[in-house]
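Residue numbers (my numbering), protein chains in the order written: chain A, 54 to 345; chain B, 55 to 366.
Idealized CB from N, CA, C, for every residue including glycine.
Every value quoted in this text rests on a predicted model; they were computed, and no experiment measured them.
Structure record follows, encoded as structure tokens.
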């Protein structure tokens with residue numbers, strides 16, 4: 054029994070020793086960077102980080118998702134250097150950051166189209182923004198009302214705190230009117246992931262959904278969108294986002310705590326110039342004037 | 055709690071113990087006691103944390119708004135009623151599905167199956183309990199949901215019913231194991247008396263053994279419910295997460311949103327310290343109270359069983 058006590062004492066001491074050793078920390082030979090936020094941006098951010106680390110082997114960039122809100126909260130708490138966001142910081146969040154002595158600085162790093170998708174067996178090809186809005190607020194509940202088959206409409210959306218949800222609500226449901234009060238119909242299915250949306254779209258001919266262009270797989274059908282009934286009905290693509298003919302597109306951001314210096318500055322400069330060549334293959338739209 | 059007392063009895067045994075041994079015994083006893091009490095302490099601390107983070111919600115949101123029917127947390131509508139009803143609906147439906155299956159399986163394993171079948175079935179049932187819920191959720195999303203939509207003609211397969219099917223599957227191992235133990239504890243004399251009165255084997259099982267084990271079966275149901283109401287991942291993947299008020303029987307075959315899925319889906323991105331943040335902990339408190347009541351009911355069923363003695 055004595056042996057057991059000694060062993061466990063040694064174990065506890067060992068643990069405590071290990072922990073405190075880590076806390077004091079040996080001087081790190083590598084430069085490291087924490088990058089967290091938007092799930093929309095996470096794949097692109099990973100691609101940038103991986104490429105940048107091959108260019109500069111002494112740099113370590115760790116990228117995680119979790120949503121724009123998570124990234125912004127981490128930036129406010131000072132635990133990361135760069136927050137990815139698919140929406141702008143709210144006034145409330147900026148105030149909170151300032152209270153912590155952090156002045157968030159916004160950089161646009163890419164553009165994103167939000168594609169409206171349906172099951173490939175659904176014959177509807179084009180919808181106006183107004184029609185999409187009236188479906189999502191719950192005014193139109195059957196596909197036949199907008200020229201489709203006689204089926205019920207099943208609305209799919211991302212969870213309510215995702216940047217994509219907020220953008221879609223403000224730009225499509227409220228038509229960009231800041232004073233609008235429209236909300237998603239309570240019948241809207243809030244899917245916890247892009248995979249949840251694509252799985253349901255794939256197998257359910259009643260469903261309509263939306264997601265970032267980079268997340269639309271080949272087995273989903275994209276709907277051409279028009280600003281008014283007179284058209285033109287436009288499919289989302291890099292070209293139609295850049296010439297602004299596709300109506301539902303948005304900038305994607307990286308936020309830093311204060312004007313960036315050193316590694317953060319160098320990384321962001323690279324992302325916004327040479328890094329732009331990684332944007333198109335992942336389904337996003339590179340910044341205009343970046344020579345792409 | 056029984057551990058420290060056993061150690062104590064041993065330590066106060068022979069008086070000629072060597073000093074070294076006595077010291078080590080004392081150290082071990084103290085260690086075990088500290089560990090035992092710290093478990094209680096941690097539970098208490100978690101509960102206090104839940105109260106500290108959740109109670110502000112009930113002051114920031116008026117009771118009328120709290121129990122209204124609209125849940126749009128990012129736009130200031132905090133009606134929890136659809137979430138509470140959603141959780142209860144899925145849980146009850148799951149139990150309605152799992153109870154007959156579970157009791158019938160327990161009766162089969164305990165009373166009917168030959169020895170060799172029982173020896174295969176019991177470990178298999180225990181393995182069922184080990185399937186991770188995210189795997190069940192994925193199975194539900196890709197297989198059960200399309201089936202429910204096509205067979206029942208619902209607009210979407212992501213419904214309360216699909217969720218209940220998955221939850222019933224998850225509650226089954228608990229229900230079977232506990233119900234089987236209850237059947238096991240029915241005294242042999244009762245079975246013998248039934249058979250001696252001229253009842254057939256089936257009559258003895260359904261009229262004597264199962265009623266004799268009813269308080270144990272009730273405990274099984276309560277534990278199964280506790281398992282089902284707290285389940286998160288599978289439910290979030292399968293029920294569609296639309297915060298709709300379940301108003302009619304049709305609601306069983308429409309999407310709903312549960313309390314657990316709401317907390318899991320929204321906690322990751324909520325601004326710390328906001329009303330929405332406190333509200334999510336507030337839902338945690340409501341869920342805690344519901345689970346506590348269910349466990350209390352289960353415990354009182356066990357207590358009654360013990361007090362009655364005769365039927366055990």
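Alpha carbon of residue i to alpha carbon of residue j, nearest angstrom
i                     : j                     : result
residue 55 (chain B)  : residue 91 (chain B)  : Since pLDDT at residue 55 (chain B) reaches only 41, below the 50 mark, its modelled position is unreliable, and the value read off the structure follows with that caveat. Roughly 9 angstroms separates the two Cα atoms.
residue 78 (chain A)  : residue 151 (chain A) : Note that residue 78 (chain A) scores a pLDDT of 45, beneath 50, so its modelled location is shaky; the value from the coordinates is reported in the next line. In a straight line, the C-alpha of residue 78 (chain A) is about 29 angstroms away from that of residue 151 (chain A).
residue 178 (chain B) : residue 258 (chain A) : 38 angstroms
residue 252 (chain B) : residue 120 (chain B) : 60 angstroms
residue 110 (chain B) : residue 339 (chain B) : 12 angstroms
residue 206 (chain B) : residue 299 (chain B) : 21 angstroms
residue 222 (chain B) : residue 261 (chain B) : 26 angstroms
residue 115 (chain B) : residue 127 (chain B) : 11 angstroms
residue 240 (chain A) : residue 317 (chain B) : 19 angstroms
residue 185 (chain B) : residue 161 (chain A) : 44 angstroms
residue 138 (chain A) : residue 91 (chain A)  : 5 angstroms
residue 326 (chain A) : residue 89 (chain A)  : 21 angstroms
residue 217 (chain B) : residue 292 (chain B) : 6 angstroms
residue 329 (chain A) : residue 132 (chain B) : 42 angstroms
residue 178 (chain A) : residue 172 (chain A) : 11 angstroms
residue 124 (chain A) : residue 147 (chain A) : 13 angstroms
residue 334 (chain B) : residue 218 (chain A) : 19 angstroms
residue 366 (chain B) : residue 345 (chain B) : Low confidence applies to residue 366 (chain B): its pLDDT is 42, below 50, so where it sits in the model is not reliable, and the reading given next is rough at best. Residue 366 (chain B) and residue 345 (chain B): Cα-Cα distance of roughly 26 angstroms.
residue 187 (chain B) : residue 198 (chain B) : 14 angstroms
residue 289 (chain B) : residue 323 (chain A) : 43 angstroms
residue 338 (chain A) : residue 267 (chain A) : 9 angstroms
residue 149 (chain B) : residue 312 (chain B) : 16 angstroms
residue 100 (chain A) : residue 152 (chain B) : 47 angstroms
Residue-level contact to chain B via CB, residue i, 8 angstroms cutoff
i                     : result
residue 126 (chain A) : yes
residue 89 (chain A)  : no
residue 249 (chain A) : yes
residue 242 (chain A) : yes
residue 162 (chain A) : no
residue 132 (chain A) : no
residue 223 (chain A) : no
residue 137 (chain A) : no
residue 75 (chain A)  : Confidence is the limiting factor: at residue 75 (chain A) the pLDDT is only 40, short of 50, which leaves the residue's position unreliable, though a coordinate-based value still follows. No, residue 75 (chain A) lies away from the interface with chain B (no Cβ there is under 8 angstroms from its Cβ).
residue 330 (chain A) : no
residue 79 (chain A)  : With a pLDDT of only 44 at residue 79 (chain A), under the threshold of 50, the placement of this residue in the model should not be trusted, and no figure is reported.
Residue-chain proximity (residue i, chain A), Cβ-Cβ < 8 angstroms
i                     : result
residue 325 (chain B) : yes
residue 320 (chain B) : yes
residue 349 (chain B) : no
residue 338 (chain B) : no
residue 371 (chain B) : Here chain B has residues from 55 to 366 only, and residue 371 (chain B) is not among them.
beta-carbon residue i near the ligand ADP non-hydrogen atom, thresh 7 angstroms
i                     : result
residue 278 (chain B) : Ligands displayed in this structure: none; no statement on the ligand ADP is therefore possible.
Cβ-based burial, residue i [other Cβ within 10 Å; buried from 16]
i                     : result
residue 191 (chain B) : buried
residue 237 (chain A) : buried
residue 74 (chain B)  : exposed
residue 170 (chain B) : exposed
residue 98 (chain B)  : exposed
residue 264 (chain A) : buried
residue 334 (chain A) : exposed
residue 153 (chain A) : exposed
residue 254 (chain B) : exposed
residue 203 (chain A) : exposed
residue 84 (chain B)  : exposed
residue 165 (chain A) : buried
residue 292 (chain A) : exposed
residue 80 (chain B)  : exposed
residue 341 (chain A) : exposed
residue 81 (chain A)  : Note that residue 81 (chain A) scores a pLDDT of 48, beneath 50, so its modelled location is shaky; the value from the coordinates is reported in the next line. Exposed, since its Cβ has fewer than 16 Cβ neighbours within 10 Å.
Proximity to residue i [Cα-Cα], best of the options
i                     : options                    : result
residue 131 (chain A) : A:103, A:145, A:113, A:157 : A:157
residue 109 (chain A) : A:160, A:316, A:177        : A:316
residue 86 (chain A)  : A:294, A:262, A:285, A:106 : A:106
residue 267 (chain B) : B:132, B:171, B:157, B:80  : B:157
residue 163 (chain B) : B:188, B:209, B:229        : B:229
residue 101 (chain B) : B:343, B:174, B:296        : B:343
residue 83 (chain A)  : A:96, A:114, A:98          : A:114
residue 315 (chain B) : B:141, B:130, B:79, B:107  : B:141
residue 309 (chain B) : B:137, B:82, B:113         : B:137
In the region 122-146 of chain B, which residues sit with their C-beta less than 9 angstroms from some C-beta in chain A, listed in chain order?
123, 124, 125, 126, 127, 128, 129, 131, 136
Within 8 angstroms of chain A by C-beta, residues of the region 186-214 of chain B in sequence order
195, 196, 199, 200, 203, 209, 210, 211, 212
Using a beta-carbon distance cut-off of less than 8 angstroms, what residues from the region 258-273 of chain A approach chain B?
Cβ contacts with chain B come from 259, 260.
Residues in the region 91-116 of chain A having any Cβ partner in chain B nearer than 8 angstroms
none
Any residues in the region 294-319 of chain A with a beta carbon nearer than 8 angstroms to a beta carbon of chain B? Which ones, in chain order?
none
Select from the region 137-158 of chain A all residues with a C-beta closer than 9 angstroms to any C-beta belonging to chain B, and list them in chain order.
143, 145, 146, 149
Along the region 166-185 of chain A, what residues have a CB closer than 7 angstroms to any CB found in chain B?
none
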